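Taking the working numbering, I'd label the letters of the sequence shown as residues 317 to 467. Glycine included, C-beta positions come from ideal geometry on N, C-alpha and C. Given the structure is predicted, the values throughout are model-derived calculations rather than measurements. Following: one structure in structure tokens, then a few remarks.
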Amino acid sequence: MLTLCTAMGIQLGRDPDKTYELTTDNVKKMLAVYMRFKCEIPVLIMGETGCGKTRLIQFMCALQATEAERISSTAFENIVIMKIHGGTTTRDIIEKVTQAEKIAEKNAKDFPTLFTVLFLMRLTLQRLLEQSKRSCVTKHLVVNRLNCTRI
Numbered sequence: 317m318l319t320l321c322t323a324m325g326i327q328l329g330r331d332p333d334k335t336y337e338l339t340t341d342n343v344k345k346m347l348a349v350y351m352r353f354k355c356e357i358p359v360l361i362m363g364e365t366g367c368g369k370t371r372l373i374q375f376m377c378a379l380q381a382t383e384a385e386r387i388s389s390t391a392f393e394n395i396v397i398m399k400i401h402g403g404t405t406t407r408d409i410i411e412k413v414t415q416a417e418k419i420a421e422k423n424a425k426d427f428p429t430l431f432t433v434l435f436l437m438r439l440t441l442q443r444l445l446e447q448s449k450r451s452c453v454t455k456h457l458v459v460n461r462l463n464c465t466r467i
């Protein structure tokens, strides 16, 4: 935990989730994700259902949130999770992206070193391509609207 906090520029504080098993492998994955965030490179995490992708990101975000809460003494939101399914529309995605952008803008002002994460769950390549096709056809291309600087 100390290595992870040091690398992320977080003062070692409380464990944000005592039920999460912080293994060496998980720490390496979090550090890799964090370094990509610092370089403003999008992150794609793939794996079997139930292997811990969501918990890994939630723990990492909670760890950053504890630092922000320690500094400001207020609740801190730095993750937006969207479950993608067959009924997900372009409008749904635009709404979540907009929500994440607003949170990221606020967080960037208050805590410029911390990241805000938009986490798309159950996103398969097929769904991504279908959604992109629909977005292009309806002229609501989400990528053009997304400010990736702090998300």
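**Prompt:** Expressed to the nearest angstrom, what Euclidean distance is found between the alpha-carbon atoms of Phe353 and Ser388?
**Reply:** 23 Å
**Request:** Compute the Euclidean distance between the alpha carbons of Asp331 and Ala420, then round it to the nearest angstrom.
**Result:** 23 Å
**Request:** Check each candidate in Cys355, Thr319, Tyr336 and Leu436 and name the one with the smallest Cα separation from Phe375.
**Result:** Tyr336
**Request:** Could you work out which residue in Leu372, Ile373, Val359 and Phe435 is closest to Ile400 when comparing CA atoms only?
**Result:** Phe435
**Prompt:** Identify the residues that DSSP records as bridge partners of Met437: which are they?
**Reply:** Lys399
**Message:** Is there a C-beta anywhere in chain C that falls below 9 Å from the one on Leu338?
**Reply:** The displayed structure is made up of one protein chain only, and chain C is not part of it.
**Asked** Can you tell me whether Lys344 is buried or exposed, with buried defined as 16 or more other CB within 10 angstroms of its CB?
**Response** Flag for Lys344 reads exposed.
**Asked** Is it buried or exposed for Met324, if we count other Cβ within 10 angstroms and need 16 for buried?
**Response** buried
**Asked** Is Met430 near Glu383, with beta carbons less than 9 Å apart?
**Response** Before going further, note that residue 430 is Leu rather than Met in the sequence given. Cβ distance < 9 Å, so Leu430 and Glu383 count as in contact.
**Prompt:** For Ile409, which three-state DSSP category applies?
**Reply:** helix
**Item:** C-alpha distance - Gly368 paired with Gln327, whole-angstrom precision
**Value:** 25 Å
**Request:** Excluding the 5 residues preceding and the 5 following Ile397 in the sequence, name in chain order all residues of the same chain whose CB lies nearer than 7 Å to its CB.
**Result:** Phe435 and Met437
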